[in-house]
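>
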Amino acid sequence: VDPLTSPFTLPPAPWIGDPSFRRNNVSRQATSLYSSLRSGCNFLRISTGRIDGLSREDRLCQPCFSNGQSHVESEEHFCLDCPTLQPLRSSMLSRIRASSSDPILTPPSDRDHAAVHTFWNDRWSSLSPETQTDILLGGKSYPGGSPSSLLHSVPSEVSEAVTRVAIPSLYCMYRKRGSALRDLLLRQ
7 VDPLTSPFTL
17 PPAPWIGDPS
27 FRRNNVSRQA
37 TSLYSSLRSG
47 CNFLRISTGR
57 IDGLSREDRL
67 CQPCFSNGQS
77 HVESEEHFCL
87 DCPTLQPLRS
97 SMLSRIRASS
107 SDPILTPPSD
117 RDHAAVHTFW
127 NDRWSSLSPE
137 TQTDILLGGK
147 SYPGGSPSSL
157 LHSVPSEVSE
167 AVTRVAIPSL
177 YCMYRKRGSA
187 LRDLLLRQ
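Just so you know, we're using our numbering here: the sequence shown kicks off at 7 and counts up by one.
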């Protein structure tokens, strides 16, 4: 039976054989969360507050608000700033950095040590929080150079490390946030 002409079977989609969540042993929940963070339609107050009709400045991070701080709970705040998530975030960033330089994960012929070194040591800290968030959520380029319109590519080793490490790490951060919100509800 020819699978392309048989009415009972569909030809396999090319992406089904090797989806990144299987290749990288990442759960569907973590991949779904990552996609929702990338799309901007997610569980954060920046998104849910829009649905509730709140102005942007009123869409506050509840764990931060309970500690006397008032930060809009955006993707940037979740990925880079929320103090509740600091230990997990620090671990994620150091693991991405280490993984992007790991000789076992990247064959020697494909490695560009200079590009990875330059990215982490010269570029990362000078990037805006918005650009850093974009890279953590799968962005492949960042602004730079003398004309502000120039874009630089994120080294492939870094992009691959972000895919390997950030997806499950952001899921852990999401779970920690949920735990913090439950604790807040129990205290009230």
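Glycine included, every Cβ here is placed at the ideal spot set by N, Cα and C.
Values in this document were obtained by computation on a predicted structure and should not be read as measured data.
What is the DSSP secondary structure of L157, reduced to helix, strand or coil?
strand
> Tell me whether C70 is buried or exposed, calling it buried when 16 or more other Cβ atoms sit within 10 Å of its Cβ.
buried
> Take the Cβ of H83 as the centre, count every other Cβ of all protein chains shown within 10 Å, and call the residue buried at 16 or more, exposed below.
buried
> DSSP has L94 in a bridge; who is on the other side?
Answer by DSSP bridge pairing: none, since L94 is not bridged.
> Do G59 and S53 come within 8 Å of each other at the CB atom, strictly closer than that value?
no
> Where does L190 fall in DSSP's three states?
helix
> In three-state DSSP terms, what is L142?
helix
> Quick check on S72: does DSSP put it in helix, strand or coil?
helix
> Going by Cα to Cα distance, which pick from L176, L192, R129 is closest to L39?
Comparing Cα positions, the closest option is L176.
> Could you give the residue range of the beta strand (DSSP E) that holds S147?
In the DSSP annotation of this structure, the continuous segment of the beta strand (DSSP E) that includes S147 starts and ends at 147-149.
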